Structures are given as structure tokens and as C-alpha cells.
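According to this note's numbering, the sequence shown holds residues 3 to 256 in order.
For each residue, glycine too, the CB sits at the ideal point set by N, CA and C.
These numbers were taken from a predicted model, which means no experiment stands behind them.
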Amino acid sequence: MAVSCGRYIDALWCNDQRSNVWVWLRGSGWRKLDDRNDDASTNLLAIASAAKAKGWAVSVHEETRGSTPYITEIYDFSNGAVGPTESISFSVSECIYGWTAAYDQRGTQITVRIRLDFDAGIDATTQANLRNTWRSGIENKWSGRFGCCTNPGCIGRCVLNFRVEWVNSNEHHRVRVRVGPARSNMTTWDTMDTGDVASHEFGHMLGHPDEYSDSNCPSRSPVNTGTVMADNTEVVERLVRPFCDRHGVAVYTV
Ligand SMILES: [Zn+2]
3 MAVSCGRYID
13 ALWCNDQRSN
23 VWVWLRGSGW
33 RKLDDRNDDA
43 STNLLAIASA
53 AKAKGWAVSV
63 HEETRGSTPY
73 ITEIYDFSNG
83 AVGPTESISF
93 SVSECIYGWT
103 AAYDQRGTQI
113 TVRIRLDFDA
123 GIDATTQANL
133 RNTWRSGIEN
143 KWSGRFGCCT
153 NPGCIGRCVL
163 NFRVEWVNSN
173 EHHRVRVRVG
183 PARSNMTTWD
193 TMDTGDVASH
203 EFGHMLGHPD
213 EYSDSNCPSR
223 SPVNTGTVMA
233 DNTEVVERLV
243 RPFCDRHGVA
253 VYTV
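Here it is as C-alpha cells:
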């Protein structure tokens, strides 16, 4: 598991056993503080107690050993990687194409609300399956690969996470879904689209142009990059840099 940011510690627990200290991590539940030596749990407890008492938002590094989730590091920086939710929206123009990118960003959490309008004849089971396929395809491809440093030297770190919310109103993007196979774009998907295709269209929603060669756009640059915006495959650092730039901090690779 990786670093999560903007976390709160609501309770502390220990008993008379050595290095047996647990904290309640809001949104996750009880987490054991690293127990591999007494100093580790004592040091972590000192920061956890302060965080609880003062209501600090902390960054937490978690690891699972056996079936027990442990907290192995706590950062107590208050920094630009947490903060209010910003609603981002801007026009993108590339070659002959133009659209509006839109999403919410809070710290290193990026959320895109998408309304899917299914064509008549696409049954509820198919719709549910497609929602699952597309959301997990998008979130797995974009999330957890890169993070933002939160202070000089990259001592504090926050992993970038991308989330899809399927909504019926207040959407960032509205997508028609038709029966496939067909050619998809940001606002028209089809029932044959894979999670990889959805991840590419999601990249447009974040503001990224296509990176494959297109006879309509002979001077496109960059092109044939081998990324999710070229062939639906990889998310690379360049594609997530805007989300750390917004906080004025560097990107790191997880
Ligand atoms: Zn595209």
C-alpha cells in the first residue's frame, strides 16, 4: 500500500503487550502502528497522539503484512497536498479538435463525475458491467503510479489517485453510450469499449490531446508516444505533472 494524504486519527488504543498500539484512521478503521521494534511504535504513537489532539491532517504510509494493515510512517506536514477541493475547467484546442477539460482536485485526489446516457436497448446488466469495467480500468491505470512531493527533498509524499463517479446530474462530462463496435471519442463510447479505451477517453477529460498519428493533423506533437493517449496503454509522468504543478511541487514515481 502507498501513502495517503489528508488523513485524520480519531482514536488511540493500546494494552500491556509490547508494541501493541493501534489508531483509528478515519475512513479506514483500526490500524496497527509498526511493531517491528519498540522505538517504531513509540515514535509513531507520539506523532499520532499529537495529530489526534490537534486535529492535524497527516500523510500516512500503510503496509499489509500477513492480513494485518500496519502504519509504518506518519508525516505531520501541513502542506499544499491537502486543502480545499478545486473545480478545474479549461478549454483544450489541438489541431482541428477542441473540448473542455473538467474535474475536481483535492490535494492529490482527482475526481471526475461522468454521466453515461445509454442508448435504448442496452439492458441494465450490461450497463452495470460496463460501469464496473470502465471504472476499474480507468482507476487502475491512472492511480497509484505517481505522486506529488509535498516539501523540498520530497520527504513528504502523496500518491496521485484518480476516481470516477458515475452520476445522473452535476456531471463534469456527459457521455453517450451506443451499441458497439464503433469508433469512440470523449463524449461517445460504445458497449465494446474496454477499460483501456475508457482510460484514453478519461485522459481527454483531464485535458490531454491524442498522441497517435492522424492524417488530419500532420504536425501533431508529441506523436506515437506509446502512452495511454497514443495506444491506450501507459500513463507516464508527463501526463500527471499538471496535478502536482497545481500545488507547485515535483512529481515522483511510486
Ligand atoms: Zn482520443
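- Cβ-heavy atom distance between D192 and ligand 1 below 7 Å? no
- For E213, which of helix, strand or coil comes out of DSSP? coil
- Query: Name the DSSP bridge partner or partners of P71?
  - Reply: T66
- Query: When DSSP labels each residue in this structure, what does C97 get in the three-state scheme?
  - Reply: coil
- Item | H206 (DSSP reduced to helix, strand or coil) | helix
- Which of helix, strand or coil DSSP assigns to N142: helix
- Query: How is G228 classed by DSSP in three states: helix, strand or coil?
  - Reply: coil
- Using 8 Å as the threshold, is the stretch 118 to 134 in touch with the stretch 234 to 250, meaning 3 or more CB pairs across them? no
- Task: Determine the DSSP secondary structure at Q107, reduced to helix, strand or coil.
- Result: strand
- For the alpha helix (DSSP H) containing E173, list its first residue and its last residue. Where E173 is concerned, there is no enclosing alpha helix (DSSP H), given that its DSSP letter is neither H nor E.
- Item | Spatial distance of V5 from L162 (CA atoms) | 9 Å
- Between N187 and ligand 1, is the CB less than 7 Å from at least one heavy atom? yes
- Task: Give a yes or no on contact between the stretch 139 to 148 and the stretch 186 to 205, applying the rule of three or more CB pairs nearer than 8 Å.
- Result: yes
- Item | V253 - containing beta strand (DSSP E), residue span | V253 to T255
- Which term fits F92, buried or exposed, when burial requires 16 or more other beta carbons within 10 angstroms of its beta carbon? exposed
- Quick one: does C246 have its CB under 8 Å from some CB of chain D? Annotation note: the requested chain D is absent from the structure, which comprises a single protein chain.
- How long is the line joining the alpha carbons of G82 and V251, rounded to whole angstroms? Confidence at G82 is low in this model, with a pLDDT of 47, below 50, so its placement is unreliable and no value can be given for it.
- Item | Pick from A104, R33 and I76 that is closest to R67, judged by C-alpha positions | R33
- Would you identify the three-state DSSP class for G29, choosing helix, strand or coil? coil
- Message: Just to confirm my understanding: we take E88, look at its own chain, exclude 5 residues before and 5 after, and list those with CB closer than 6 Å. What are they?
- Response: Q107
- Query: Around the Cβ of W191, are there at least 16 other Cβ atoms within 10 angstroms (buried) or fewer (exposed)?
  - Reply: buried
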